[in-house]
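Residue numbers for the sequence shown follow numbering that gives the first Met the number 0, so the first one is 0 and each next one is one higher.
Using N, Cα and C, we set each Cβ at its ideal position, and we do this for glycine too.
For clarity, every value in this text was computed on a predicted model and none was experimentally measured.
A short worksheet on the structure shown next.
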Amino acid sequence: MRIVGGVAATLGLAGAVSGNLHPRSQETRDFFALHLDGATSPSHIARALGARHEGQIGELDGHHTFSLPREQTAEFDTLLDDLRTKRKLRRRSGNDVGSDGTSDDPLDGVLWSHKLAPARQRLQKRIPPVSVPYPSLEKKSADAKIVEFQSHAMSTLGIKDPIFREQWHLVNTLQPGHDLNVTGVWLDGITGAGIATAVVDDGLDMDSRDLKPNYFAEGSFDFNEGTPEPRPRLYDDKHGTRCCGEIAASKNDVCGVGVAYDSKISGIRILSKPIDDVDEAAAINYAYQKNDIYSCSWGPPDDGATMDAPGILIKRAMTNGVQKGRDGKGSIFVFAAGNGAQFGDNCNFDGYTNSIYSITVGAIDREGNHPTYSESCSAQLVVAYSSGSGDAIHTTDVGSNKCYNGHGGTSAAGPLAAGSVALALSARPELTWRDLQYLMVETAIPVSEDDNSWQELPSGRKFSHDWGFGKVDTYNLVQRARTWDLVKPQAWFNSPWLRVHLEIPQGDKGLLSRYTVTAEQAKAANMAQLEHVTVTMNVNHTRRGDISVDLRSPAGIVSHLSVSRESDNHPGGYEDWTFMSVAHWYVPRLSACDLSANSYLGVNPLWVNGQSL
0 MRIVGGVAAT LGLAGAVSGN LHPRSQETRD FFALHLDGAT SPSHIARALG ARHEGQIGEL
60 DGHHTFSLPR EQTAEFDTLL DDLRTKRKLR RRSGNDVGSD GTSDDPLDGV LWSHKLAPAR
120 QRLQKRIPPV SVPYPSLEKK SADAKIVEFQ SHAMSTLGIK DPIFREQWHL VNTLQPGHDL
180 NVTGVWLDGI TGAGIATAVV DDGLDMDSRD LKPNYFAEGS FDFNEGTPEP RPRLYDDKHG
240 TRCCGEIAAS KNDVCGVGVA YDSKISGIRI LSKPIDDVDE AAAINYAYQK NDIYSCSWGP
300 PDDGATMDAP GILIKRAMTN GVQKGRDGKG SIFVFAAGNG AQFGDNCNFD GYTNSIYSIT
360 VGAIDREGNH PTYSESCSAQ LVVAYSSGSG DAIHTTDVGS NKCYNGHGGT SAAGPLAAGS
420 VALALSARPE LTWRDLQYLM VETAIPVSED DNSWQELPSG RKFSHDWGFG KVDTYNLVQR
480 ARTWDLVKPQ AWFNSPWLRV HLEIPQGDKG LLSRYTVTAE QAKAANMAQL EHVTVTMNVN
540 HTRRGDISVD LRSPAGIVSH LSVSRESDNH PGGYEDWTFM SVAHWYVPRL SACDLSANSY
600 LGVNPLWVNG QSL
């Protein structure tokens with residue numbers, strides 16, 4: 000079991016824009032990613048391997064792509080293995096360096112190598128399943144006071160956009176209180192100026208009159224076509240444009256307005272064709288000194304059977320983003336939680352949404368209900384408004400003057416949270432990526448508190464696997480951001496691996512495994528308070544969908560790390576899969592953590608991260 004305190008690894012990665020912004024000829028060549036030390040020249044490696052240097056991988060300093068003709072690649076791994084063996088032998092004999100104190104073998108500078116899989120279509124847009132019924136919205140009388148306030152705000156701010164009154168997620172006149180609570184922020188003069196959000200999706204219609212004033216070309220790129228303009232090309236390339244409208248549709252005479260209607264919006268197109276890990280890694284770091292936020296309304300299939308995570312290059316790119324993006328303050332990654340709840344899916348089976356670097360956002364509908372599609376999990380931080388109860392999000396569509404009234408799923412919830420983050424950053428640009436997570440936790444509003452899903456934490460806050468810490472309250476978020484004390488450096492604690500070689504009984508009894516972190520250990524790790532907990536597991540089992548795992552704290556707080564899934568018939572268990580929980584946020588000190596499961600446990604590393612003393 001491993002417990003860590005802090006939000007992850009310390010890869011110091013930065014660099015130039017990818018040299019791989021063009022299609023790779025996978026039919027005739029094999030491609031390899033190599034991580035080189037700072038003293039090793041890619042050209043020397045290319046000569047040593049007889050390979051072609053294709054370029055640096057996005058902003059990942061020292062990470063490069065090489066290629067070889069397919070008929071020559073059978074010897075690649077053998078060559079590297081032989082050279083590594085020789086290097087070990089030289090080191091043992093003390094002859095591993097040349098007369099100048101450095102190795103005379105260029106391959107000694109290869110720190111890591113990986114053969115790239117061909118481009119594949121593994122990511123899906125998080126629109127709601129077509130089977131979700133949307134009954135007609137009951138006719139209700141608008142609240143006169145809210146209508147009056149709406150009119151006052153429109154007059155004061157000069158909002159003349161034709162569908163603004165339909166944008167209930169901004170001002171809800173039928174169900175007062177069920178909106179983002181954003182108009183007060185605008186009236187205070189905070190409208191997103193100076194902040195850029197990149198929507199990583201299927202494109203952005205830069206010719207839309209609603210988006211054109213805020214389109215940010217410098218932050219945009221089409222990784223599917225290898226061109227600077229992420230223009231929608233396919234008949235269904237509309238998802239990204241709709242998400243962009245939620246965030247930054249301009250205040251004019253077209254459609255409605257975005258949450259941060261004076262902010263900039265970039266398009267990074269990756270979802271319209273198969274994509275490999277090199278381009279995906281480059282995409283989520285693209286222009287990361289100019290783009291502040293990356294809004295990602297996609298992920299692996301939400302079918303209740305898939306368990307998929309980003310590859311190592313993409314994980315390193317996310318780490319690179321939070322460490323080097325925004326001049327070291329960290330890129331803000333916002334991910335939609337997923338739409339597979341009807342199929343028993345859970346966002347902890349998605350390696351993007353259960354990352355400690357992600358603000359994971361589920362959905363709430365206009366009546367305050369939990370939509371049937373919105374996934375639950377212990378990694379979910381907050382919820383934001385989206386489709387359900389007979390309505391959806393009204394936003395911009397592809398076309399010069401086109402609007403759309405049916406945008407939904409957690410795809411629509413994520414961008415609204417991203418827009419709220421843009422307003423907070425506009426008010427307080429020095430906020431780090433960790434500050435934004437803290438602010439989301441601190442300012443979220445619990446909803447449906449009588450649904451038995453909430454746990455009261457030692458911090459006094461509440462957490463629900465269905466709702467996270469509650470719904471985004473934009474006004475509260477921005478107000479707290481103005482005076483927020485920036486968090487101290489990150490700290491983390493890793494437990495040793497815990498091996499549990501026991502068969503777990505069937506039924507409700509389960510197997511209890513316990514690891515205690517003492518106060519002395521927490522102090523030695525410089526841990527002041529808790530943020531994320533991750534548990535990496537290896538589990539032997541004959542059917543993955545039968546496994547469930549709970550993490551219990553000494554205070555009795557339970558994280559459902561893994562839940563059983565009826566559709567998951569995979570004939571195995573977990574292999575180095577990392578689950579994550581935010582349910583234990585702010586526990587004042589670390590002590591015992593209880594891990595129980597309904598399966599055969601192998602190796603379980605638990606780690607916790609938090610703020611330093």
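| said: According to DSSP, simplified to helix, strand and coil, what is Y573? | reply: Three-state DSSP puts Y573 in a strand.
Item to check | Close-in-space but distant-in-sequence residues of the same chain around H569 (CB under 8 Å, 5 per side omitted) | outcome: A distance below 8 Å between beta-carbons, with the five flanking residues on each side excluded, links H569 to the following residues of its chain, in chain order: A304, M306, R542, R543 and G544.
Do A281 and G57 have their beta-carbon atoms positioned less than 7 Å apart in this structure? Yes, these two residues count as a Cβ contact at 7 Å.
A116 versus L312: straight-line alpha-carbon distance, rounded: Cα to Cα, A116 sits roughly 12 Å from L312.
**Asked** Any idea what DSSP makes of C295, helix, strand or coil?
**Response** In this structure, C295 counts as strand in the three-state DSSP scheme.
Please report the distance separating the alpha-carbon of S192 from that of K124. Residue 192 is actually Ala in this sequence, not Ser. Each residue's CA atom was taken as its position, placing A192 and K124 some 28 Å apart.
Would you report the Cα separation of P309 and T318, rounded to the nearest angstrom?
Cα to Cα, P309 sits roughly 12 Å from T318.
Exercise. What three-state label does DSSP hand R542 in the structure shown?
Worked result: Residue state, collapsed to three classes: coil.
Express the C-alpha separation of I363 and H177 in angstroms, rounding to a whole number.
One C-alpha to the other measures close to 9 Å.
What residue ranges within the stretch 403–467 form continuous alpha helix (DSSP H) runs of no fewer than 4 residues, ordered along the chain? As far as the stretch 403–467 is concerned, its whole alpha helix (DSSP H) runs of at least 4 residues are 409–426 and 432–442.
### Message
Strictly by DSSP, which residues pair up with S580?
### Response
Note: S580 is bridge-paired with V532 in the DSSP secondary-structure output.
Notebook entry, point to check: Taking the alpha-carbon positions, what's the P132 to A336 distance?
Noted result: A caution first: P132 carries a pLDDT of 49, below 50, which makes its placement in the model unreliable, though a value can still be read off. Their Cα atoms are separated by approximately 20 Å.
Chain-order list of residues whose beta-carbon lies under 6 Å from that of A417 (same chain, five-residue window excluded) = For A417, same chain residues with a beta-carbon under 6 Å away, outside a window of 5 residues either side, are T196, I246, I292, S294 and V333 in chain order.
So, for E366: in the same chain, excluding its five sequence neighbours on each side, which residues have a beta-carbon less than 7 Å away from its beta-carbon? The answer, listed in chain order, is Q174, H177 and S388.
Query - A426 versus N475, A248 and Y351, residue with shortest Cα-Cα distance - result: That would be N475, whose Cα lies nearest to the Cα of A426.
Every unbroken alpha helix (DSSP H) inside the stretch 227–267 [4 residues or more] | With a minimum length of 4 residues, the unbroken runs of alpha helix (DSSP H) contained wholly in the stretch 227–267 fall at 238–247.
Report task. Would you decide whether S385 is buried or exposed? Buried here means 16 or more other CB atoms lie within 10 Å of its CB. Result -> That one is buried.
- Coarse secondary structure for F334, derived from DSSP in three states: Three-state result, F334: strand.
- Could you have a look at Q489 and say whether DSSP puts it in helix, strand or coil? In the three-state DSSP reduction, Q489 falls in the strand class (E or B).
Straight-line Cα distance separating S357 from E448: Linking E448 to S357 through their CA atoms gives a straight-line distance of about 25 Å.
task: Write down the C-beta distance between L430 and L422 rounded to the nearest angstrom, noting that I regard them as a contact closer than 8 Å.
output: Not a contact, Cβ separation roughly 11 Å.
**Prompt:** Does the Cβ-Cβ distance between D472 and S452 come in under 7 Å?
**Reply:** Not a contact, by the Cβ cut-off of 7 Å.
DSSP three-state call for G49: helix, strand or coil? Residue state, collapsed to three classes: coil.
Using the beta-carbon count (16 or more within 10 Å), is G609 buried or exposed?
-> Buried: at least 16 other Cβ atoms inside 10 Å.
- Task: Could you say which of P128, L169 and G459 lies nearest to V633 if we only look at CA atoms?
- Result: Outside the displayed span of the chain (0 to 612) sits residue 633, for which this structure offers no information.
Tell me, which residues are paired with T64 by DSSP? Partner(s): A32 and G54.
DSSP three-state call for Q520: helix, strand or coil? Q520: helix per DSSP, three-state reduction.
Quick check: what's the CA-CA separation for R241 versus F342?
Rounded to whole angstroms, the separation of the alpha carbons of F342 and R241 is 26 Å.
Range covered by the alpha helix (DSSP H) that runs through G218:
First-last for G218: undefined, no H or E at that position.
(message) Along the chain, where does the alpha helix (DSSP H) containing R481 start, and where does it finish?
(response) Per DSSP, R481 belongs to the alpha helix (DSSP H) from T473 to T482.
Let me check one thing: in DSSP terms, what residues is A383 bridge-paired to? Looking at the DSSP assignment, A383 forms a beta bridge with A362.
- Indicate the three-state DSSP secondary structure (helix, strand or coil) for G609 in the structure shown. Residue state, collapsed to three classes: strand.
Proximity below 7 Å, CB of V258 to CB of R208 | Taking 7 Å as the Cβ cut-off, V258 and R208 do not qualify as a contacting pair.
Check: Per DSSP, what kind of secondary structure is A340 in: helix, strand or coil?
Finding: It is helical.
The ligand NAD heavy atom lying under 6 Å from the CB of F468
Because no ligand of any kind appears in the structure shown, any question about the ligand NAD cannot be addressed here.
Give the single residue among A50, D302 and A32 whose Cα lies nearest to the Cα of R564. For the set A50, D302 and A32, the Cα lying nearest the Cα of R564 is the one of D302.
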